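Numbering (my numbering), first residue to last: 16 to 396. Note that the Cβ used here is the ideal one computed from N, Cα and C, for glycine as well. Because the structure is a prediction, the values reported are computed rather than measured.
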Amino acid sequence: MKNEQHQDWNPLEASVLKDQRQAYDDMRERCPVAHSDLMGWSLFRHADIVDVLADPESYSNVSQFLAIPNGMDAPDHGRYREALDPNFNATEMARIEPMAREIAAALLEPIGSCGVMEFIDTFATPFTLKTLCASLGWPEQQWECLSSWVHDSQQAAFDQDSVAGKALASFFSGQVKANLDKRRAAPNAARDATTALLGTKIGGVRLNDDQIVSVLRNWTAGQGTTAAALGILVLHLAQDSGLQDQLRGDLSLIPAAIEEILRADGPLVANPRTTTREVQIQGRCIPKGERVTLMWMAANRDSRAFDAPEAVKIERDTRDSLVWGQGVHLCQGAPLARLEMRVAIEELLSRAKHFALDHNDIPRRAVYPGNGLITLPLRFS
Ligand code: HEM
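The structure is reproduced here in structure tokens:
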């Protein structure tokens with residue numbers, strides 16, 4: 016029988032959800048290894064998380080559901096990861112960039128005439144999901160199904176509603192399999208990410224449809240994180256005219272600004288591991304088989320790792336940032352996420368002489384498991 020563990024904190028308490036950055040900063044200093052029923056053992060300090068990432072034998076990623084490649088350990092993880100890596104190589108990014116730019120330009124077209132825009136629903140979400148559909152060679156309007164899946168899955172995770180979770184999994188699977196069937200019926204279609212997935216082999220055996228569904232569940236969730244990141248980036252630029260003008264004057268600074276803003280205000284709250292043996296962290300003994308949660312946002316704002324961590328300084332060396340994780344599970348989609356964010360910010364800055372928050376409305380922050388924005392009203396000039 017499992018020992019009942021007392022709760023050091025409640026991640027869903029109103030004060031935590033109201034300002035996640037502040038709440039996790041407080042936990043990092045007050046109780047850096049904290050137990051809760053929802054997350055198991057949350058780690059808040061940079062050094063503790065880096066130690067976990069460097070020791071995949073003691074901290075397993077294996078999940079109860081098929082999750083390729085993130086819910087796997089070595090040696091399976093390495094095989095799947097290697098087979099899927101070409102989807103994010105430089106050739107593939109060069110193929111996707113013009114499509115992403117065209118999608119961004121079309122979505123930003125209205126700002127020339129209307130002066131105001133709600134950025135999340137009008138740009139960030141459709142942009143990232145339309146870009147995914149374009150890279151897969153799927154009809155553009157499918158982005159709306161993917162969008163409702165991302166939104167409803169986050170809600171089901173928040174509500175810990177397994178019935179809704181199962182229904183959503185089956186809805187997503189149906190969407191993907193219909194597209195795979197369509198492609199099999201038209202084998203001469205242009206080469207795209209769907210063709211690549213259908214041809215991907217592990218140990219000489221092609222991925223089956225359920226495996227492709229699992230891969231695409233990850234990619235779609237990754238686009239949700241990218242949309243959240245875009246909201247955060249644009250919020251910061253809307254509030255900091257100096258930085259906005261600096262980037263507009265020199266677009267080559269955008270990649271560094273992206274890394275630094277997301278270090279200070281990350282779009283992804285946390286990811287889990289399971290201990291494969293008893294471990295000691297900060298003097299606390301965590302038994303084998305327990306869930307450990309890596310609190311990315313708190314680690315990236317740890318003053319033990321970054322000077323004046325709450326300040327955004329685009330000249331900062333961000334190599335120790337954990338925005339993309341670290342080690343064997345380092346974000347596989349980072350090249351695509353970076354490309355999308357760079358293209359979106361380039362297009363936005365070059366189309367608008369200036370943008371700021373629309374003071375007739377207020378931005379609404381997302382809550383756990385996300386940390387982006389639900390709404391971001393902008394005014395352009
Ligand atoms: C700003 C956007 C994104 C952020 C901040 C982000 C962050 C992360 C982080 C922190 C991890 C490591 C998780 C862990 O160690 O448990 C991860 C893993 C992963 N991400 Fe992303 N991600 C983003 C976008 C994307 C996109 C667009 C895709 C795909 C299209 C993607 C695909 C993946 C995959 C497949 C993994 C698992 C890698 C593995 O287990 O080997 N991500 N991501």
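What separation, rounded to the nearest whole angstrom, lies between the Cα atoms of residue i and residue j?
| i | j | result |
| --- | --- | --- |
| V327 | G304 | 38 Å |
| Y383 | G86 | 21 Å |
| T143 | G239 | 8 Å |
| I181 | P141 | For the record, residue 181 in the displayed sequence is Lys; it is not Ile. So the alpha carbons of these two residues sit roughly 25 Å apart. |
| N104 | S162 | 25 Å |
| A271 | L213 | 35 Å |
| L58 | S128 | 48 Å |
| D255 | Q261 | 10 Å |
| L231 | S78 | 16 Å |
| V284 | A236 | 13 Å |
| D41 | V220 | 49 Å |
| F321 | R60 | 12 Å |
| C46 | A313 | 12 Å |
| R263 | A242 | 21 Å |
| E28 | P202 | 52 Å |
| V358 | S51 | 39 Å |
| P154 | C148 | 7 Å |
| S185 | A349 | 27 Å |
| I273 | N315 | 14 Å |
| A49 | R278 | 22 Å |
| D406 | Q170 | Residue 406 lies beyond the stretch modelled for the chain, which goes from 16 to 396, so this question has no answer here. |
| T390 | L337 | 26 Å |
| Y39 | G55 | 15 Å |
| A98 | A204 | 22 Å |
| K17 | P302 | Summary for K17: the model assigns pLDDT 49, below 50, so the residue's position carries little reliability; its value from the coordinates is reported in the next sentence. One C-alpha to the other measures close to 10 Å. |
| L473 | D167 | The first residue shown for the chain is 16 and the last is 396, placing residue 473 beyond what the model contains. |
| M108 | L351 | 7 Å |
| K33 | M310 | 17 Å |
| V67 | G298 | 15 Å |
| K145 | A121 | 11 Å |
| I269 | C300 | 43 Å |
| S396 | L372 | 11 Å |
| S229 | F187 | 10 Å |
| G152 | N25 | 43 Å |
| D23 | I296 | 15 Å |
| P392 | F134 | 6 Å |
| L250 | H374 | 13 Å |
| R94 | L354 | 25 Å |
| N102 | A211 | 8 Å |
Which class does residue i belong to by DSSP, given the choice of helix, strand or coil?
| i | result |
| --- | --- |
| S336 | coil |
| T215 | coil |
| F321 | coil |
| T291 | coil |
| A285 | strand |
| P350 | helix |
| I329 | coil |
| I377 | coil |
| P26 | coil |
| G385 | strand |
| P113 | helix |
| R306 | strand |
| A367 | coil |
| A393 | One point to set straight first is that residue 393 is Leu, not Ala, in the sequence displayed. Strand, per DSSP. |
| L345 | coil |
| K17 | With a pLDDT of only 49 at K17, under the threshold of 50, the placement of this residue in the model should not be trusted, and no figure is reported. |
| R299 | strand |
Could I get the ranges of all uninterrupted alpha helix (DSSP H) runs contained in the segment 39-92, with 4 residues as the minimum, in chain order? If we require 4 residues or more, the alpha helix (DSSP H) runs fully inside the segment 39-92 come out as 61-68.
Using a Cβ distance threshold of 8 Å, determine whether the segment 206-225 contacts the segment 181-196, with at least three qualifying pairs required. Counting Cβ pairs under 8 Å, three or more are found: they touch.
Runs of 4 residues minimum, wholly inside the segment 191-266: which ones carry the alpha helix (DSSP H) assignment? If only uninterrupted alpha helix (DSSP H) runs of at least 4 residues are considered, those enclosed by the segment 191-266 are 208-214, 224-254, 256-264.
Contact shell at 6 Å, judged by CB to any heavy atom of ligand 1, ordered along the chain: The set, ordered by position in the chain, is P84, N85, R96, N233, W234, G237, Q238, T240, T241, A244, P282, L283, N286, W311, V338, W339, G340, H344, C346, Q347, G348, L351, A352.
Which ranges would you report for the beta strand (DSSP E) in the segment 119-196 if only whole runs of at least 3 residues count? The DSSP assignment places 131-133 as complete runs of the beta strand (DSSP E) inside the segment 119-196, in order along the chain (cut-off: 3 residues).
For the pair the segment 285-292 and the segment 315-330, tell me if three or more CB-CB distances fall below 8 Å. These segments do not touch.
Measuring CB atoms only, is the segment 66-80 touching the segment 105-123, in the sense that at least three cross pairs come out at less than 8 Å? Not touching, per the Cβ criterion.
On the three-pair Cβ rule with 8 Å, is the segment 367-377 touching the segment 339-349? Contact between the segment 367-377 and the segment 339-349 is absent, with fewer than three C-beta pairs closer than 8 Å.
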